[in-house]
Amino acid sequence: MESMSYQSKIEAWEYNPSDDDQRLPHKYPSNRPVPLEHIHDLGILTWKLDVNDWENNPFLNKIKEERGYKYWEVATLARGVMEDYETKVKGFFQEHMHSQEEIRLILDGGGYWDIRDYDDNWIRFRVEKGDLIVLPPGMCHRFTLDVNDYIKALLIYTEVPARTQHERDDHSAARKSYVEKVLKNPLALHKKIAAAS
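The sequence shown: position 171 = 357 (the numbering used here), numbered continuously.
Okay, here's the thing in structure tokens:
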């Protein structure tokens, strides 16, 4: 039987804050990779799915059922396809957060998510066709396309579809909950200390 999904192989690394185009990888000259386990410790869920027939993918349907995902829509972000392309891309690349999960299945194209680490530094990871990503509520992040200026994604929601992003607010309920459950989690802090030793 053909595999419906397999463990994600997302590549992540420490973000190099150079003046290069945001759509470039922004790796240090000597790359500083970040293990996928570290991304998961920060609360992100990842899977790799076959998206050629995503509407009938039993694994995706199982995830939607188990996690209470009831609504979805397909969105294409590309130069010449959407109005105010430049403005939207700049907005996605501003640090922000959501009060609900951000769930995206990449159907085609690619881009980068930048997320804040335990020390508030940026980690970048690449997404491409077949990557299913769930960012937890309250996680500070930003997104950019790669140099191909094209991504098509399935946007998935637990509630009626709404794409509301907020500026970073360390006093919001979602952010406080994320900090307590993830960033100050004793197990996660123990892993962080062990990794530095």
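Glycine is no exception: its CB is placed at the ideal position from the N, C-alpha and C atoms.
Every value quoted in this text rests on a predicted model; they were computed, and no experiment measured them.
Endpoints, beta strand (DSSP E) assigned at residue i
i: H226; result: Element bounds for H226: not the beta strand (DSSP E) but the alpha helix (DSSP H), L222 to D227.
i: G277; result: Counting along the chain, G277 falls outside any beta strand (DSSP E), though it belongs to the alpha helix (DSSP H) covering Y271 to F278.
i: K338; result: Y336 to Y343
i: R310; result: W308 to E314
i: T330; result: H327 to L331
i: T262; result: Y257 to A264
i: W199; result: A198 to E200
i: I403; result: This structure does not reach residue 403, given that the chain is present from 187 up to 383, and the question cannot be answered.
i: D317; result: D317 to L321
Nearest-angstrom Cβ-Cβ length linking residue i and residue j, presumed shorter than 8 angstroms
i: Y201; j: W308; result: 4 angstroms
i: I225; j: I249; result: That pair is no contact at about 18 angstroms.
i: L222; j: S204; result: Going by Cβ atoms, the distance from L222 to S204 rounds to 24 angstroms, so no, they are not a contact pair.
i: P322; j: G229; result: 4 angstroms
i: H284; j: H352; result: 7 angstroms
i: W258; j: L340; result: 6 angstroms
i: L231; j: V320; result: 4 angstroms
i: K274; j: M268; result: 7 angstroms
Closer than 7 angstroms: residue i CB and nearest the ligand SAH heavy atom
i: E252; result: Within the structure as shown, the ligand SAH is missing, as the structure has no ligands at all.
Contacting residues, own chain, Cβ-Cβ under 8 angstroms from residue i (five flanking each side not counted)
i: D206; result: H212
i: S363; result: P323 and G324
i: N247; result: none
i: N217; result: W199
Same chain, Cβ closer than 7 angstroms to residue i, neighbours up to 5 away in sequence not counted
i: A264; result: D335 and Y336
i: R361; result: M283, G324 and D355
Cut-off 6 angstroms between Cβ atoms - residues of its own chain near residue i, not counting five sequence neighbours on either side
i: D303; result: I309
i: D332; result: R209, G296 and G297
i: Y271; result: R265
i: D294; result: K315 and K338
i: E281; result: C326, R328 and R354
i: Y127; result: Past the edges of the chain, shown from 187 to 383, lies residue 127, and the structure says nothing about it.
i: F278; result: F329
Endpoints, the alpha helix (DSSP H) within which residue i is located
i: I249; result: P244 to R253
i: R361; result: A359 to Y364
Notebook entry, point to check: Does the region 294-314 come within contact of the region 238-247, defined as at least 3 CB pairs closer than 8 angstroms?
Noted result: Short answer: they don't touch.
Margin query: Check whether the region 321-332 and the region 276-289 touch, using three or more Cβ-Cβ pairs below 8 angstroms as the test.
Written below: Two segments are said to touch when three or more pairs of C-beta atoms, one from each, lie closer than 8 angstroms; by this definition the region 321-332 touches the region 276-289.
Item checked: Segments of 3+ residues assigned as beta strand (DSSP E) that fall wholly inside the region 286-310 -> List check, beta strand (DSSP E) in window: 288-302.
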